[in-house]
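Visitor:
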Amino acid sequence: MTNRYWSALTTPLIGENPITLQILGICSALAVTTALDTALVMSGAVTCVLALSGASVSMVRRYLPRSVRIIVQITIIASLVIIVDQVLKAFAFEISRRLSVFVGLIVTNCIVLGRAEGFAMRHGVLASTLDGIGNGLGYSFILLLVGAVRELFGHGSLLGVQIFWTTAQGGAFDPLQLMLLPPSAFFIIGGIIWFIRAKRPEQVDRSEFKIRDELQEERR
Amino acid sequence: MAESTIRERPVQALMMVLGVAMVCALLVSVSAVKLRPHYLANLEAYRKAQLESILSALSGTRYAAAAGNLESRVVELDSGRYSERLDAATFDARKAAANPDESMLIPPHRDIAGIKRREKNATVFLARDANGDVELIILPVRGSGYQSPLYGYLALAGDTSTVAALKFYEQGDTPGMGARIQSPSWEALWPGKQVYDDGGALKIGVARGKVTPGSMEASYMVDGISGATRTSQGVHRLLRFWLGEFGFGPYLERVRRGEG
Chain W
213 MTNRYWSALT
223 TPLIGENPIT
233 LQILGICSAL
243 AVTTALDTAL
253 VMSGAVTCVL
263 ALSGASVSMV
273 RRYLPRSVRI
283 IVQITIIASL
293 VIIVDQVLKA
303 FAFEISRRLS
313 VFVGLIVTNC
323 IVLGRAEGFA
333 MRHGVLASTL
343 DGIGNGLGYS
353 FILLLVGAVR
363 ELFGHGSLLG
373 VQIFWTTAQG
383 GAFDPLQLML
393 LPPSAFFIIG
403 GIIWFIRAKR
413 PEQVDRSEFK
423 IRDELQEERR
Chain D
3 MAESTIRERP
13 VQALMMVLGV
23 AMVCALLVSV
33 SAVKLRPHYL
43 ANLEAYRKAQ
53 LESILSALSG
63 TRYAAAAGNL
73 ESRVVELDSG
83 RYSERLDAAT
93 FDARKAAANP
103 DESMLIPPHR
113 DIAGIKRREK
123 NATVFLARDA
133 NGDVELIILP
143 VRGSGYQSPL
153 YGYLALAGDT
163 STVAALKFYE
173 QGDTPGMGAR
183 IQSPSWEALW
193 PGKQVYDDGG
203 ALKIGVARGK
213 VTPGSMEASY
223 MVDGISGATR
233 TSQGVHRLLR
243 FWLGEFGFGP
253 YLERVRRGEG
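Chains W and D supply the protein sequences, listed in that same order. Counting from 1, position 201 in the first sequence corresponds to residue 413 in my numbering; the numbering is continuous, with no gaps. Counting from 1, position 203 in the second sequence corresponds to residue 205 in my numbering; the numbering is continuous, with no gaps.
Here you go:
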């Protein structure tokens, strides 16, 4: 594997992570992370759609009329999402019921259309597939992290296996109700972004304008 | 570039777009047809598991024999009659509840269960004794808990007043608090409670706090779950709704008259 392909796969993990750097795909990251197993299945579904849509869009990219390219991309993505949804309903019924509409909403996940339009339209099939997998893994990494924290502190368990015995079960751990509510995902994702940008200052957005320091100006 | 001239020529562009659409349509159709049997089998198993939850609650009671001998019927809720039109094997009450043609909007002040729409038909399960009299009725009930919908089954004896069991098979309320409506100790409070008083008024429910043992109230009410008042009251209200005139009231009336 050449270096170019390797970097298409690995840079989206942290360096250009779709959630923490580009702040895309936040909606589903809030909704499906109350437990680790739903986060895991959602990650798999998004990664599949990203890889396959990257490959298919890249395949037809030279023949697509400019004016309708977005519609064609969405047609391809929507078809893939329907197929993934049906596979989940057939083989992972219980989880697909808990994910409810969020599998269908992968169509509107900005990461998918963003990679199709931003990368697959200008790169070869192999590179686009790897880029899709890489971005899927970057999304999965954050989702699994948030899912693990929320399930551990909200239910005291991981993947349904009890880690902390809760007070209701006669143990000493009092579950944090906040972890089961959507805002907690914001706090956790915010914390992850802060941590990554503290370690990698090059990811910090340049401020669009500087806030005036009025004290300084008064002293002058 | 040669390629750009190809893709900007209208006829070729149209062919390309149609081609992509055809391939997508083909893939979606094939997967839908091939995977549908798996999906239907899952759905069937899921519904069976829901019913299984109330049947397991009845095993070991005097209703155990009746529970092993159930027939399912679709009831028109407004009239309380059995539906001629719908087959219990294929009728999906949850789908019907979401379909404007198959459900009705509940007037807001009557919507005590907090469900907004009610299906026009519902599937009930019943068992008859050797004389053909109804011995056991299992009714689906649903309502709103603290932060999630509650789905369950209520099993009544043939007199339509004595509770045989109440079991919730789906809820998402707080673990250790509202979720205790699924705990065996709370479920054990229900069998033997009466739905109606001697005058036929709806009395069943969940108390706010503890019920005094031996009091009049104790024949109809169970203890509320401490720390989960909203879930407890959700259960109280959904029982009052589904046993009332907007729920299975007309049907239970017919059963009492021996027309069930």
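Glycine included, C-beta positions come from ideal geometry on N, C-alpha and C. No experiment lies behind these values; they were computed from the predicted model shown.
Which of the three DSSP states is assigned to D:A157 in this structure?
Guide: Note: D:A157 maps to strand in three-state DSSP.
Visitor: Tell me the DSSP bridge mates of D:L107?
Guide: BP columns for D:L107 point to D:R119.
Visitor: Taking only three categories from DSSP, how would you classify D:P142?
Guide: If DSSP states are grouped into helix, strand and coil, D:P142 belongs with the strands.
Visitor: Just checking: is the beta-carbon of W:Q381 within a distance shorter than 9 Å of some beta-carbon in chain D?
Guide: Answer yes: the Cβ-Cβ gap between W:Q381 and chain D drops below 9 Å somewhere.
Visitor: Please report the Cβ distance between W:V284 and W:D297, rounded to the nearest whole angstrom; I am assuming they are in contact, meaning their Cβ atoms lie under 8 Å.
Guide: About 21 Å; that fails the 8 Å criterion.
Visitor: May I have the straight-line CA-CA distance separating D:A34 from W:A304, to the nearest angstrom?
Guide: Each residue's Cα considered, the two are about 15 Å apart.
Visitor: DSSP beta-bridge partners for W:T378?
Guide: DSSP lists W:F385 as partners of W:T378.
Visitor: Less than 8 Å between the CB atoms is what I'm expecting for D:I117 and D:R144, so what's the real figure, rounded?
Guide: With a Cβ gap of about 6 Å, D:I117 and D:R144 count as contacting.
Visitor: If I measure Cβ to Cβ from D:G174 and keep anything under 6 Å in the same chain, skipping five residues before and after, which residues do I get?
Guide: Cβ neighbours of D:G174 beyond the five flanking positions: S150.
Visitor: Under 6 Å Cβ to Cβ from W:I408, same chain only, skipping five residues before and after it: list those, please.
Guide: The answer, listed in chain order, is T232.
Visitor: Could you tell me which residues DSSP puts in a beta bridge with D:A124?
Guide: The partner list for D:A124 (beta bridge, DSSP) reads D:V77.
Visitor: D:N101 versus chain W: which residues are under 8 Å apart at the beta carbon?
Guide: The contacting residues do not exist; D:N101 stays about 17 Å from chain W at best.
Visitor: How many Å lie between W:S268 and W:P394 at the Cα?
Guide: About 34 Å.
Visitor: Which of the three DSSP states, helix, strand or coil, is assigned to D:L204?
Guide: Strand at D:L204.
Visitor: Do the region 259-274 of chain W and the region 377-395 of chain W meet, that is, are 3 or more Cβ pairs less than 8 Å apart?
Guide: Too few Cβ pairs lie closer than 8 Å, so no.
Visitor: Using a beta-carbon distance cut-off of less than 7 Å, what residues from the region 245-257 of chain W approach chain D?
Guide: Against chain D - using a Cβ distance shorter than 7 Å - the region 245-257 of chain W contributes no residues.
Visitor: At 8 Å on the CB atoms, spell out the chain W contacts of D:V30, in chain order.
Guide: Neighbours of D:V30 on chain W, chain order: S291, I294 and I295.
Visitor: In whole angstroms, what is the alpha-carbon distance linking D:M3 and D:S105?
Guide: Bear in mind that a pLDDT of 42 at D:M3, under 50, signals an unreliable position, so the model cannot answer this.
Visitor: Residue ranges of each alpha helix (DSSP H) run of no fewer than 4 residues wholly in the region 163-194 of chain D, ordered along the chain?
Guide: Counting whole runs of 4 or more residues, the region 163-194 of chain D contains the alpha helix (DSSP H) stretches 186-189.
Visitor: Going along the region 232-260 of chain D in order, which residues come within less than 8 Å of chain W, judged by CB to CB distance?
Guide: Result list empty, no residue passes.
Visitor: I'd like the list of long-range same chain contacts for W:V258, defined as Cβ closer than 7 Å, with 5 residues on each side in sequence excluded.
Guide: Same-chain partners within the cutoff: I318, N321, G348 and Y351.
Visitor: Please classify W:E228: does DSSP put it in a helix, a strand, or coil?
Guide: Three-state result, W:E228: coil.
Visitor: Could you pull the start and end residues of the alpha helix (DSSP H) that W:V293 belongs to?
Guide: From DSSP, the alpha helix (DSSP H) with W:V293 extends over R281 to F303.
Visitor: For the region 204-219 of chain D against the region 35-47 of chain D, are there 3 or more C-beta pairs whose distance is under 8 Å?
Guide: Too few Cβ pairs lie closer than 8 Å, so no.
Visitor: Which two residues bound the contiguous alpha helix (DSSP H) that contains D:Q52?
Guide: Segment P12 to L60, the alpha helix (DSSP H) holding D:Q52.
Visitor: Does any C-beta atom of chain W lie closer than 9 Å to the C-beta of D:L277?
Guide: This structure leaves residue 277 of chain D out entirely; chain D is present only between 3 and 262.
Visitor: For the alpha helix (DSSP H) that contains W:H367, what are its first and last residues?
Guide: Residues V337 to H367.
Visitor: Kindly indicate if chain D contains any beta-carbon less than 9 Å away from that of W:E306.
Guide: Chain D contact via Cβ: present.
Visitor: Is the beta carbon of W:L221 closer than 9 Å to that of W:G330?
Guide: Cβ distance not < 9 Å, so W:G330 and W:L221 don't count as in contact.
Visitor: Which residues in chain W have a C-beta closer than 9 Å to the C-beta of D:L107? List them in chain order.
Guide: Under the 9 Å cutoff, chain W gives no residues; its nearest Cβ is about 22 Å from D:L107.
Visitor: Output the distance between the C-alpha atoms of D:E5 and W:G336, rounded to the nearest integer angstrom.
Guide: The predicted model places D:E5 with a pLDDT of 49, which falls under 50 and marks its position as unreliable, so this point remains unresolved.
Visitor: Quickly, what does DSSP pair D:E198 with across the bridge? List them, please.
Guide: Note that residue 198 of chain D corresponds to Tyr in the displayed sequence, not to Glu. D:L204, per the DSSP bridge assignment.
Visitor: Indicate whether at least one CB of chain D lies closer than 9 Å to the CB of W:T287.
Guide: So yes, W:T287 belongs to the interface.
Visitor: Got a sec: is the Cβ-Cβ distance from D:V143 to anything in chain W below 9 Å?
Guide: For D:V143, the answer is no, since every Cβ of chain W falls outside 9 Å of its Cβ.
Visitor: Under 9 Å between C-beta atoms, does D:A209 make it to chain W?
Guide: With 9 Å as the cut-off, D:A209 does not count as an interface residue toward chain W.
Visitor: Just the C-alpha distance for W:T245 and W:I307, rounded to the nearest angstrom, thanks.
Guide: If I take the Cα positions, the gap works out to 13 Å.
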